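So the structure is just underneath, and the comments pick up after that.
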Amino acid sequence: MTDSTEHTAATATAPDQIRLLDLRETPLSADEVLTAIADPRAGGFCLFVGAVRDHDEGRSVTELGYEAHPLALRELRAVAEEVVAAHPVCGLAAVHRTGDLAVGEAAVVVGVSAPHRDAAFAAARMLIDDLKARVPLWKHQRFTDGDAEWVGAQD
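Here it is in structure tokens:
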């Protein structure tokens, strides 16, 4: 279950490229992420916004709830550090929602700035893919037929 005292925003001390990492119950802002990754050395900026869609595998979704493991922010930092080590990143930010979200709301916003677009695209792709694969976040989907299911919960 989410304990908001465990999930405070992390800002970088080292490496300096990691500007913003957070898990929060409040709405996300693409502008906040773009501002965080701003860097005069960057020529390419890549932003990804993942939103709640109205369907999943042919079923109509009404809303989602996200919960984070108490160590989720620590794993998000590990992912970010690996991205920075693998790519020439100028700035990196990643923010994921917790709590209940309506269809259309942003669930995750990640952004990367780099000297050139190819590096920005590659780093952003690695960031979102590894975040989704490794950070312990669970999605509780609610459907129009009244059914619900957990996605990402591990045994």
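Note that our numbering gives residue 424 to position 31 of the sequence shown, counting from 1, and the numbers run on in steps of one.
Just so it is clear, CB atoms sit at the ideal spot from N, CA and C, and this is done for glycine as well.
Note that the coordinates shown come from a computational prediction; the quantities given were computed from them, not determined experimentally.
- For Ala526 against Gln534, the beta-carbon gap comes to about 19 Å, at or over 8 Å, which does not count as contact.
- Arg446 has its alpha-carbon roughly 16 Å from the corresponding atom of Gly492.
- Here Val544 is exposed. Its C-beta has fewer than 16 other C-beta atoms within 10 Å.
- A direct Cα-to-Cα measurement between Gly436 and Asp449 gives close to 36 Å.
- Shown here for Phe536: same chain residues with a beta carbon closer than 7 Å to its own, the five before and five after excluded, namely Arg452, Ser453, Val454 and Thr455 in chain order.
- Judged by DSSP in its simplified three-state form, Ala479 adopts helix.
- Taking C-beta atoms as the reference points, Leu414 and Leu466 count as a pair closer than 8 Å.
- Counted as a single uninterrupted DSSP element, the alpha helix (DSSP H) harbouring Leu427 occupies residues Ala423 to Ile430.
- Taking all protein chains shown into account, Gly497 has fewer than 16 neighbouring C-beta atoms within 10 Å of its C-beta and is therefore exposed.
- Just so you know, the alpha carbons of Arg412 and Asp522 end up roughly 19 Å apart.
- A straight line joining the alpha-carbon of Arg510 with that of Cys439 spans about 8 Å.
- The region 433-499 contains, as complete beta strand (DSSP E) runs of 3+ residues, the segments 437-444, 452-461, 484-490 and 492-495 (chain order).
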